[in-house]
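To convert, note that position 168 of the sequence shown is 168 in my numbering; the numbers rise steadily by one, no gaps.
Glycine included, C-beta positions come from ideal geometry on N, C-alpha and C.
In this text, all values refer to a predicted model and were calculated from it rather than measured experimentally.
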Amino acid sequence: MVGFDRYKARIVVKGYAQRAGIDFDDTWAPVSKLESVRSFLATVATRNWTVHQVDVKTAFLNAELTEEIYIRLPEEVDGGTQVYRLRKALYGLKQASRAWYEKLKDMMTSFGWTASDADLAFFWRETAAAGYEGLTTPIITLTKEQINAFQCEACVANKQIRPSFPTSSTRFGKGKCLHIDLCGPLRAEGPDGEFYMLSVIDDGTRYGAVRFLPRKSDAADCTAIELQKLFQTQMGVPTTIMRFDNGKELTSTIV
């Protein structure tokens, strides 16, 4: 018998019952044009940029309403005979998408981003480019200050978003997991001449290294436990979980 943690339910508004001019006025919200997406990806490919993707959890539920909207809960629910005023949008509400865009736009503009005149769903910001190429500092002696000098602009933007909205890129417990950074790793050459991949965890506080093996037969020389010891002893990274690209996890409480 499969167990469960909790029941999950979501209140959805009967938007089809809303009346124009009474329950809502404007419902239009911009959607990214396919041409904008293609142009952006083409620019990323030609300039060797890194794409950082953030998914805001239950985005519409973060949108604040300017109108007075009231709902009645189903009769089966406790308090179903009462009427409740909505302070934020719910799924099904006709103005939910527009309210969410206004919330997102206000947040982005406060961080210095500007909506494009050609596509209101496309935001841009001019920043000083940080070059990643030519980083040959030995990985064991790479300091936090040196890493911050190469900090990804996408990570900075994501950190600004987090105080406002919960994002799926913060799902790892602090000090618990090592994973390839969402903004892309930095390539570095170790003191032994081997090439490593430096991984900066998404909150910028934990770092790790992955060794590239030229042959599968060399895997015995660098087991997962040895790699975890490298994190803990030489880099001072407290880890209890290592997550791999295929989804498998290695848990080690004592290393």
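Alpha-carbon spacing of residue i relative to residue j, whole angstroms
i	j	result
Thr167	Lys57	Note that Thr167 scores a pLDDT of 48, beneath 50, so its modelled location is shaky and nothing firm can be said.
Thr43	Leu61	33 Å
Tyr207	Arg85	Bear in mind that a pLDDT of 45 at Tyr207, under 50, signals an unreliable position, so the number given afterwards is only what the model happens to contain. Each residue's alpha carbon lies about 46 Å from the other.
Trp124	Ala17	38 Å
Ala118	Ser39	12 Å
Tyr7	Asp78	16 Å
Gly173	Ala20	Caution applies to Gly173, whose pLDDT of 31 falls short of 50 and renders its modelled position unreliable; the value that the coordinates give is listed next. Taking the straight line joining both Cα atoms gives about 46 Å.
Glu75	Arg87	22 Å
Ala9	Glu126	42 Å
Thr261	Ile11	Within the shown structure, residues of the chain are numbered from 1 to 255, placing residue 261 beyond reach of any answer.
Pro185	Arg72	Only weak support is given to the placement of Pro185: the predicted model assigns it a pLDDT of 44, under 50, and the value that follows is read from those uncertain coordinates. About 50 Å.
Thr50	Leu34	20 Å
Val37	Gln53	13 Å
Leu41	Thr109	23 Å
Bridge partners - residue i, DSSP secondary structure assignment
i	result
Lys88	Glu64
Trp124	Thr114
Ile71	Tyr84
Phe24	Ala20
Residue i vs residue j beta-carbon contact at 8 Å
i	j	result
Ala63	Ala96	yes
Ala89	Leu65	yes
Tyr70	Val83	yes
Phe111	Glu67	no
Trp113	Ala59	no
Gly15	Lys103	no
Inter-residue CB distance, residue i and residue j (contact presumed, cutoff 8 Å)
i	j	result
Thr27	Arg98	6 Å
Chain C within 8 Å of residue i, Cβ atoms only
i	result
Glu76	In summary, chain C is missing from the structure at hand, where a single protein chain is found.
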